[in-house]
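Only one structure is covered here, and it is reproduced in the block below.
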Amino acid sequence: MDDANTFAETEGLSAIESILKKEAPELLEKKIQTRREGLPELPNSSNQKPVLRFAPNPNGPLSFGHSRGLVINGEYAKNLGGELILRFDDTDTTVKPPMIEAYESIPIQQEWLCGFPAHRIVIASERMDMYHSYAHKMLSNFFGYVCTCTGEEFKQFRIAKEDCPCRNNSVEKNLTLWEKMNDTNGFQPGEAVLRVKTDMTLKNPALRDWPAARIQTKSHPRVGNMWRVWPLLDFQSAIEDHLQGVTHIIRGKDLMDSTRKQTLLYAHFGWDYPETIYWGRVKVHEFGSFSTSQMKKDIDSDKYEGWDDPRLPTLSALSRRGIKPEALRTFWIELGLTQKDIAVPLATLYSHNTKCIDPTAPRLAFIRNPVELTIFGDYPKEIEIESHSDTEMPKRKFSITDKIWIEKADSGKSIRLKDLCDIDAEGNVESVERSDKRQVVHWVTQGKNCELTVAFGDDINTYQGILEDHNYPDGTIVQLERIGYAVIENGDLLMTHD
RNA sequence: GCUCGUAUAGUGUAGUGGCCCAUCAUGAAGCCCUCUCGAGGCUUCGACCCGGGUUCAAAUCCCGGUACGAGCACCA
Numbered sequence: 180m181d182d183a184n185t186f187a188e189t190e191g192l193s194a195i196e197s198i199l200k201k202e203a204p205e206l207l208e209k210k211i212q213t214r215r216e217g218l219p220e221l222p223n224s225s226n227q228k229p230v231l232r233f234a235p236n237p238n239g240p241l242s243f244g245h246s247r248g249l250v251i252n253g254e255y256a257k258n259l260g261g262e263l264i265l266r267f268d269d270t271d272t273t274v275k276p277p278m279i280e281a282y283e284s285i286p287i288q289q290e291w292l293c294g295f296p297a298h299r300i301v302i303a304s305e306r307m308d309m310y311h312s313y314a315h316k317m318l319s320n321f322f323g324y325v326c327t328c329t330g331e332e333f334k335q336f337r338i339a340k341e342d343c344p345c346r347n348n349s350v351e352k353n354l355t356l357w358e359k360m361n362d363t364n365g366f367q368p369g370e371a372v373l374r375v376k377t378d379m380t381l382k383n384p385a386l387r388d389w390p391a392a393r394i395q396t397k398s399h400p401r402v403g404n405m406w407r408v409w410p411l412l413d414f415q416s417a418i419e420d421h422l423q424g425v426t427h428i429i430r431g432k433d434l435m436d437s438t439r440k441q442t443l444l445y446a447h448f449g450w451d452y453p454e455t456i457y458w459g460r461v462k463v464h465e466f467g468s469f470s471t472s473q474m475k476k477d478i479d480s481d482k483y484e485g486w487d488d489p490r491l492p493t494l495s496a497l498s499r500r501g502i503k504p505e506a507l508r509t510f511w512i513e514l515g516l517t518q519k520d521i522a523v524p525l526a527t528l529y530s531h532n533t534k535c536i537d538p539t540a541p542r543l544a545f546i547r548n549p550v551e552l553t554i555f556g557d558y559p560k561e562i563e564i565e566s567h568s569d570t571e572m573p574k575r576k577f578s579i580t581d582k583i584w585i586e587k588a589d590s591g592k593s594i595r596l597k598d599l600c601d602i603d604a605e606g607n608v609e610s611v612e613r614s615d616k617r618q619v620v621h622w623v624t625q626g627k628n629c630e631l632t633v634a635f636g637d638d639i640n641t642y643q644g645i646l647e648d649h650n651y652p653d654g655t656i657v658q659l660e661r662i663g664y665a666v667i668e669n670g671d672l673l674m675t676h677d
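Each residue of the first sequence is one higher than the one before, counting from 180 in my numbering.
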């Protein structure tokens, strides 16, 4: 390389060019910048069919935030011919108790979003025997122990990098204490936990002898009181990933320490940890911060009408509002898999959604703040109007009387009544053909009173107006001319977005 | 406090030593088209956190700083 540069300096660049032209012409061709499309290549996936999983807590229905995990894992599974496991991590009956309806709704929403059903569904609460048997194994092999310190006591040991007294108990003692944890008349919640023996001097405090299971006495909605000792996420998830043969874990970077904890556990068992990829935190400005438990509270107190209240960021609300799964998928794929913490505006999602719905959304006129206008002069008495200017949709047919409705904001000036005629401020017809560049305004001649509901942040507004007669069924996404897209719901309108 | 992570236009993103006075989308502005303030087409605007170092060559590698975020739960 040095020689080459010296040569270039003394002989000039053109000399090099002519040599290259002879010896290796392909090097001279300008590379064209290529932009990677879609998701980055999944590492370590060329020699195996990937097995991925998405593991929500069924303490409520799926939200916008969940959709990232579903989309990313689902896309990889689909594109690489692998498998997607939908796993219910429902091992907490106390802090985030499972909601029984969620076991039904989550798979439905998963299929709606991904476009295919999960290849496997795993319910943690039905696999408790497995977790117990590995917990037992951990104790018998002396890489786990029952700890009877209080949380505060152990915290001090963790900070001081010192072993807690329970750490050196014999295997026999541990097995006895384990029995006592599982015994109704033994330890009570809070009196003992199962810990994984790692190393109390580890640099990262989060990894020091982390807890694997605890006692819960609150009944589980699916399995009742069959179990008393329940695994914590890091343990349950680690065991289950191995049991299911998960090859790739894609999750938030807030779980980086989970990976490290679980890798230590895998080392004890002699297993290989799956390939792990992380994404950063996503904030959606318009959604603020919602937690499943807070939403549940607010629904119970009637602040929201239900899980599909259009103000909420749940998948059922988005779906109800006319957000398409394709738009959600494009949105998440475009954000990609970086570890950056990002804040995104909903405008991007809406833009993708517009591309999905615009080609099939029939146009309708909706008059907000309607005022009646009498028109004088010659105008067509029967009229056919396009329902969608770019596609072949049946036309809208109306008989025109001399009374029509226009929006108050459009009244009192000379306007073009769309597809009908030019009028002056008093309603006198000036021309049937479009005669100048005056503003084109939508209008209704035969219509019904109708309510348009618009969710905006934490507010919900309804506008009374007149919607032109149509016979589209509920659920149709229409475009209200000059306003935006909306879904027909019980004959009324629910705003999708502009 | 300890540990870990990230830093490219307003917002996202591509880019893994020479294709880069940096890609694409979104956004904003303008024009064209259109009997919608929609869709479509075109144009324009706008960025490599800072400071050192390595190298002929750095957005890219190294070190330091700064900023932001996360974990250190008997939640997931």
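Even glycine gets a Cβ: it sits at the ideal position worked out from N, Cα and C.
Predicted model, so just to flag it, every value in this text is computed and none were measured.
Continuous beta strand (DSSP E) stretch holding residue i: start and end
i    : result
G654 : From DSSP, G654 is part of no beta strand (DSSP E); its letter is neither H nor E.
Y457 : 454-458
T533 : Unbroken run through T533 is the alpha helix (DSSP H), 525-536; no beta strand (DSSP E).
Y558 : From DSSP, Y558 is part of no beta strand (DSSP E); its letter is neither H nor E.
G626 : 626-635
L552 : 549-553
A665 : 663-668
Residue of the options minimising C-alpha distance to residue i
i    : options                : result
L525 : L263, P541, P492       : P492
Q625 : K576, G670, Q658, I594 : K576
G591 : E561, I418, C328, L552 : L552
H447 : E216, A314, R595, M435 : A314
E630 : D671, D378, E647       : D671
I429 : T632, L673, R232       : R232
I667 : T632, D677, D637, R661 : T632
Y282 : N238, K560, D413       : N238
P549 : S578, P573, W450, K582 : K582
S495 : S242, K228, L218       : S242
T329 : K228, V372, D362       : V372
C535 : T213, D677, A522, P504 : P504
Within 8 Å, strictly: CB atoms of residue i and residue j
i    : j    : result
D268 : S416 : yes
L292 : L259 : no
R547 : Y642 : yes
F336 : D342 : yes
A391 : V375 : yes
F555 : G606 : yes
M360 : V402 : no
R387 : T396 : no
D248 : Y255 : The residue asked about is misnamed: residue 248 is Gly in this sequence, not Asp. Not a contact, by the Cβ cut-off of 8 Å.
S304 : P240 : no
S437 : D413 : yes
S246 : W511 : yes
I585 : Q618 : no
S566 : P541 : yes
D603 : E609 : yes
Y664 : C600 : no
F366 : I338 : no
Expected contact under 8 Å - CB spacing of residue i and residue j to nearest Å
i    : j    : result
Q423 : G459 : So it is not a contact: roughly 26 Å between Cβ atoms.
K627 : I645 : 7 Å
N223 : E454 : 5 Å
K597 : H621 : 5 Å
P229 : H427 : 5 Å
I264 : R299 : 5 Å
I564 : I579 : Contact flag wrong, Cβ pair sits at about 11 Å.
Buried or exposed by the 16-neighbour rule on C-beta atoms within 10 Å, applied to residue i
i    : result
V250 : buried
N353 : buried
Q658 : buried
P277 : buried
E647 : buried
F321 : exposed
M405 : exposed
E513 : exposed
H464 : exposed
E205 : Its pLDDT being 41, under 50, E205 is placed unreliably by the model, and nothing is read from it.
Q441 : buried
Q289 : buried
Start and end residues, alpha helix (DSSP H) containing residue i
i    : result
T570 : Counting along the chain, T570 falls outside any alpha helix (DSSP H), and DSSP gives it neither H nor E.
M360 : 350-361
S495 : 494-499
Y313 : 307-319
S284 : 281-293
Y445 : 435-448
S590 : Where S590 is concerned, there is no enclosing alpha helix (DSSP H), given that its DSSP letter is neither H nor E.
T426 : Careful: T426 lies outside any alpha helix (DSSP H) and carries neither H nor E.
I338 : 330-339
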